[in-house]
Amino acid sequence: MASDRVTDSETLSAVASTGSVHEPVTTSEIADILGCSRRTVYNNLEELHDRGAVHTKKVGAQARVWWRPANTSNEHPISVSGEEKYRTLFESINQGFCIIEMLFDDTGDPVDFRFLETNPAFEELTGLRDAEGERMHDLEPEHEQYWFDRYGEVVQTGVPVEFEAEAEALDRWYDVYAFPFGDHESQQVAVLFDDITERKQAEAKLQTSKERFRALVTASSDVVYRMSPDWSEMQELEGKEFLADTDEPISDWLDKYIHPDEQPRVTEAIDEAIRTKSTFELEHRVERDDGSTGWTFSRAVPMLDEDGEIEEWIGMASDITERKQHERELERSEQRYRTIAEHVPNGLVTLFDHDLEYTLAAGRGFNRIPVEPDDLEGTKFHEVWPDEIAAELRPVFQAALAGEEHSVELEYAGHEWILHAVPITDERGEVFAGMTMAQDITEQKERERYLRDAKSQLEAATEAGAVGTWEWDVRTDEMVVGPSFARTFGVNPDAAQQGVSLDRFIDAIHEDDRDRVVTEIEAAVETCGEYESEYRVWNADGELRWVVARGRVECDDDGEPLTFPGALTDITERKRAELERRRNEEQLQTLFETLPVGVVVADADGSLIRTNDTTKEIWGGDILDADSVAEYEQYSVRWADSGESVAAEEMTMSRVLDGEEVREPDIFEIAVDDGERRIVRIEGMPVRSPDGDVTRGVITITDITDRREYQRKLAESERRYRTLIENFPEGAVGLFDEDLEYTAVGGQLLDEIGIDPDERVGNTIMDIHSSDWVDEIKPYFHAALEGESNEFDLELYDRHLYAHTLPVRNGDDEIFAGMIVVQNVTERREYQRKLEESNERLEQFAYAASHDLQEPLRMVTSYLQLIEKRYADAFDEDGEEFLEYAVDGAERMREMIDALLEYSRIETRGDPFEPVDLNEILEDVRTDLQVQIAESDADITVEELPHLEGDASQLRQLFQNLLDNAITYSGDDPPLIHVDADRRGNEWVISVEDNGIGIEPDKQERVFTVFDRLHSREEYDGTGIGLALCQRIVERHGGEIWVDSEPGDGATFSFTLPAGSEHDL
């Protein structure tokens, strides 16, 4: 290869030699011409680009092209070889590329262009199909003139252009590089482009968010602030002269703005809002800009990203200091109100707040109702009064709180009342409460009724359309009616004019209405009130008629009923029509609203007049905004299979209104209000008049988006599933149905033993396996279909197999099949057997070795002690020192043999596992170490530990070794030791943390090795087997142990223990 010492001028010459101005070349092409590395060429081209000598553009994910800008007027057009190079390059990129021929009108203005060539990515990025040879206006009539002008500019000036623009007709944004192609007469332009719609939408969304926040800050008179997702940092605050502004993010905002007494309450509310991703709302005290204390109502809303995670919080805080002051003043004045209210004669006085809760109730009128003032105070009004009374009071209370006076008359507890509600305002005229004053007007209303009753008989008798009138003397039970009335009830008219019993008329009332009418009459008589009732009667001809009766009971001064005059109107025809219409409407409405599909009804002119709720759910909103077929163009509808737009006249409703019965459904893709696209199936039928003319069109819409997506995902899942089964390593997988017939079989094990999976599919286990083997596995297969999983071993095909049967469930958690997974564990089981035998021999050896060493060691120790006792005077100073070393060495040897013996017995001499409370075990250990704890001034803190299954004696040894180490290696400071537990899935993680001397990272594994010590005996005493013993105990319990530490920063020893059940503490 030539030298990589290539100058910029040589590189520029190589670019010029490859073709004409604007013709792009790749780095590799220049490197081949110069005979140097691509990296050298790339660096030179970057420097030339910085000086403006060449232009560049990224193509695809990694590639980049370069070209010379126009600086002379005699450049040659792109050569044929250049065109071939384009075709090779742009057939392989994922950006769009096309060559177009510009079309100009007689005045030289660009009006259209024709597509000459397009690359594979063109159709995906534009949505235009089969574009080659077509004009743009033919493919998209609404394409904007802006694009013709830009490309026309390239032809007319011969200068490339690079720009970003929106193609509104295509509903996309593009990043475009366009340059002349061929000679000037060809009027051709090469266009390289990429779809940047998502980026533009994201930029617009971000800009909108920023503008919205700025607008909120500008428009609001309240404090506006922004917080980080976890509220650890206040990013911005506009204090509005109430709080100090914050332009830069600060982390000490809690101390700066929140009153110290309020900080715990504020922090608690923030934590809850973060946990639930809900709005933060709270009234609390703040430290104001001027140093005083104020009150604020703060409300912040979480801004969530597409994954539902919090991006930031935007909040507003209102200054409610004055309101709080007014509330305190209101409390002081309340007693004055109460004194006045309690002496209001013949009435009631109440005060209520904006929550419609009574704050004061008094007055002598409470003596007339079954409610005490104490029952009201502190209670919302609707919790005190009956529902019908509360319904009448609500608008009155709300009007007062809105600043209006309002009155209402109502009946309660046998009395009639007039209640007047007024607003209570502060000195600024703002309503902060409401007041009601109620007066007993029972006597007044009785006088008014007396005057009305004097005219009741005349008004009832002259009721328009009456078929008859009546007057019933309640005291004598004589009913006097006219002939028409009598005939309606099948009563002799002559007798009726003289007076008959009311029962004669009651008997003619339809039996289904009779009890109700009697009850209504009795109620009117009892209350001396008005009466109105609709019911059915049998007339003299045996015909059933509908009537409406209206009247009023007249009473004396004592409230005793005297007479009951009234009038009767025959409403049979009207009632029949009403009932028939109501029955039809109810049936149609029920059908219309309960259909599981969307329904749309249109008039003959195409205007949409009615839809049901299902249609609105599918479309994402109300679509009744088209008054003609032509206006259907506003709906974004495409053919689901091709993606082509559906013209208004091709839409299902248009064809139905033309008389077509659309029984073969149209499958469309629609754009709903929230921007989502859905797949729908639409069918339709015309509604015709008796003359055969189409008067209306009806279509049904079914959302099949989930179904299509489910079908696609199901196919993908099926392919993945079968691939997994067919390639299952070192085993086999089979699916079986309720008849125990295999539906899918595969796996490498079948290849090893020479079984064709296709021969298994379609056969039951009874067809395939021997009866003995079927008897063994059949219960497991049935159990899987009933929802139970099982594991079992098999000896088959000269192999040791491990089998697992389990149920297979669908999306509704229903079992539809069973599965058996078989793995060849022959080698694993043999290795496990050998390992167990080896471990057993090692344990026996360690036990025997340590046990056999005890006897000679005792002899050595005894004789050393004997020498020390008898001949101590014979030794000089060196001799005594040597004897001391020997005794000490023998003692340490004994300790090591004892430790080794204990280490070897972990598996063989351990107790059976039983439920244990680690809290009790740790408390016993602390008692055993109390002298050592007291001497070292150790501080041991313990969190709640779990209950689980284990060997209590060994677990006690485990904790004692870990605590003893923590105290021993504490350094110069008193030991600080913390023990806690954390549930992680099916196990507990127990940790013992200390503040001791720590362990270097590269030596942490050694601490669990038998007799491997990190310190000399002069520094720290011990056998070097304690942590190895801990590891052995943890492993026997099915866990693991490790240490996390840095020198000088203490150490944390953690180990895992299986959790007995999900109820363990």
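For the sequence shown, full-length UniProt numbering assigns the number 1 to the initial residue and increments by one for each residue that follows.
Backbone N, C-alpha and C define an ideal beta-carbon position, used for all residues, glycine too.
When the distance is taken between beta carbons, is L125 closer than 8 Å to D171? No; because the gap between Cβ atoms is not below 8 Å, this pair is not in contact.
Is it true that the segment 793–806 meets the segment 818–835, where meeting means three or more beta-carbon pairs spaced less than 8 Å apart? When Cβ pairs closer than 8 Å are counted between the two stretches, the segment 793–806 is seen to touch the segment 818–835, the count reaching three or more.
Hey, how far is the Cα of M136 from the Cα of L116? Spanning the two alpha carbons is a distance of roughly 11 Å.
Who are the near neighbours of residue 1068 in its chain, counting only those whose CB is closer than 8 Å to its CB and skipping five residues on each side? Here the chain comprises residues numbered 1 to 1065, so residue 1068 is not present and cannot be evaluated.
What do you get for S298, buried or exposed, if any count of 16 or more other CB atoms within 10 angstroms of its CB means buried? buried
Determine the DSSP secondary structure at K380, reduced to helix, strand or coil. Three-state result, K380: strand.
Under 8 Å between the Cβ atoms of W619 and V672? yes
Taking 8 Å as the cut-off, decide whether the C-beta atoms of H406 and A413 are in contact. no
Decide if S654 is buried, meaning its Cβ has at least 16 other Cβ atoms within 10 Å, or exposed. buried
Rank K380, R364, T488 by C-alpha distance to the C-alpha of T572 and give the top, closest one. T488
Tell whether a beta-carbon distance below 8 Å holds between I258 and V286. In contact: I258 and V286 (Cβ atoms closer than 8 Å).
Based on the DSSP output, what are the partners of S628 in its beta bridges? G606
Less than 8 Å between the CB atoms is what I'm expecting for A648 and V629, so what's the real figure, rounded? 6 Å
Hey, out of G566, L401, W546, whose CA is closest to D473's CA? G566
Quick one: residues in its chain with C-beta nearer than 7 Å to the C-beta of F875, no 5 flanking neighbours on either side, listed in chain order? Result list for F875: L883, in chain order.
Anyone know if the C-beta pair for L750 and Y742 falls short of 8 Å? Between L750 and Y742, the CB-CB gap reaches or exceeds 8 Å.
Along the beta strand (DSSP E) that carries A872, what are the first and last residues, could you check? Taken as a continuous stretch (DSSP letters only), A872 belongs to no beta strand (DSSP E), as it is neither H nor E.
Look at L568 and F485 and say whether their C-beta atoms are less than 8 Å apart. yes
In terms of DSSP beta bridges, what is M234 paired with? M227, I250
Anyone know if the C-beta pair for D666 and T652 falls short of 8 Å? yes
Taking C-alpha atoms, which residue in E101, E580, G315 lies nearest to G182? Nearest neighbour of G182 by Cα position, chosen from E101, E580, G315, turns out to be E101.
For E576, the three-state DSSP class (helix, strand or coil): A small correction: the amino acid at residue 576 is Arg; Glu does not occupy that position in the sequence shown. If DSSP states are grouped into helix, strand and coil, R576 belongs with the helices.
Under the three-state DSSP convention, the category I921 falls into: helix
For G1026, the three-state DSSP class (helix, strand or coil): helix
Unbroken beta strand (DSSP E) run spanning E987, endpoints: 987–993
So is H184 buried or exposed if we call it buried at 16+ other beta carbons inside 10 Å? exposed
Can the beta-carbon of T296 be found closer than 8 Å to that of S278? no
DSSP bridge partner residues for R354 (one or two, in chain order): First, the amino acid is wrong: residue 354 is His here, not Arg. In the DSSP output, where bridge partners are listed per residue, H354 has none listed.
Backbone secondary structure at E1046 - three-state DSSP: Coil at E1046, not helix or strand.
Classify L958: buried if its beta carbon has 16 or more other beta carbons within 10 angstroms, exposed otherwise. Looking at its Cβ environment, which holds 16 or more other Cβ atoms inside 10 Å, L958 is buried.
Look at the alpha carbon of L1057 and the alpha carbon of E935, and state the distance between them as a whole number of angstroms. 32 Å
So T27 and R64 are in contact, right, with Cβ under 8 Å, and what is the actual spacing, rounded? 7 Å
Whole-angstrom distance between I704 and M766, CA atom to CA atom: 42 Å
Is DSSP giving G133 helix, strand or coil here? coil
Would L963 be called buried (16 or more neighbouring beta carbons within 10 Å of its own) or exposed? buried
Proximal residues to D556 (C-beta, below 8 Å), its chain only, five neighbours per side dropped: L562
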